[in-house]
Amino acid sequence: MNLIRAIIRPDKVDSVKDALGKIHVSGLTVTEVRGHGQQKGHTAVYRGKEYNISLLPKMSVETVVSDDNVDAVVQAIIQSARTGEIGDGRVFVTPISRSYKIRTGELDR
Numbered sequence: 049m050n051l052i053r054a055i056i057r058p059d060k061v062d063s064v065k066d067a068l069g070k071i072h073v074s075g076l077t078v079t080e081v082r083g084h085g086q087q088k089g090h091t092a093v094y095r096g097k098e099y100n101i102s103l104l105p106k107m108s109v110e111t112v113v114s115d116d117n118v119d120a121v122v123q124a125i126i127q128s129a130r131t132g133e134i135g136d137g138r139v140f141v142t143p144i145s146r147s148y149k150i151r152t153g154e155l156d157r
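Written as structure tokens, this is what we have:
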């Protein structure tokens with residue numbers, strides 16, 4: 049099993065969710081996050097005063113999939129979240145050694 053975590057633009061959450069649904073990924077966790085990568089933020093003007101926004105709003109989409117589904121899930125995320133511009137995000141893949149169902153205590157491997 050692997051945890052796949054994608055940091056994406058907020059407006060791409062629905063397209064990523066739909067793309068994952070098409071390849072039968074059912075469990076997702078979506079969280080609002082803030083940060084920056086190469087973008088390093090941007091400058092904005094509020095009431096005539098210029099200020100720097102260094103932590104940009106992003107969304108974190110997480111799912112756990114079997115080893116044989118990792119490549120398909122990563123490709124679905126990349127294709128559905130890509131705009132071609134800086135700030136599209138990142139996908140992280142982390143191995144999961146064990147997972148337990150809280151309700152039953154059952155171990156999934």
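In my numbering, the protein residues as written are 49 to 157. Even for Gly, the Cβ is constructed at its ideal location relative to N, Cα and C.
Same chain only: Cβ atoms within 8 Å of residue i, ignoring 5 sequence neighbours per side
| i | result |
| --- | --- |
| lysine 88 | Ser102 |
| glycine 83 | Ile55, Leu103, Leu104 and Lys106 |
Residue of the options minimising C-alpha distance to residue i
| i | options | result |
| --- | --- | --- |
| lysine 60 | Gln127, Arg95 and Tyr99 | Gln127 |
| isoleucine 134 | Asp66, Ser114, Leu104 and Leu68 | Leu104 |
| valine 64 | Ala124, Val141 and Val113 | Ala124 |
| proline 58 | Lys70, Ser108 and Ala67 | Ser108 |
| arginine 53 | Phe140, Asp115, Gly85 and Arg151 | Phe140 |
Per DSSP, cross-strand counterpart(s) of residue i
| i | result |
| --- | --- |
| isoleucine 55 | Ser108 and Arg138 |
Exposure label - residue i; buried when at least 16 CB within 10 Å
| i | result |
| --- | --- |
| leucine 68 | buried |
| alanine 92 | exposed |
| glycine 137 | buried |
| threonine 111 | buried |
| valine 121 | buried |
| valine 113 | buried |
Residues of its chain near residue i, where Cβ-Cβ distance is below 6 Å and the 5 sequence neighbours each way are ignored
| i | result |
| --- | --- |
| threonine 142 | Leu51 |
* For the region 143-154 and the region 68-75, state whether three or more C-beta atom pairs, one from each stretch, are separated by less than 8 Å. => no
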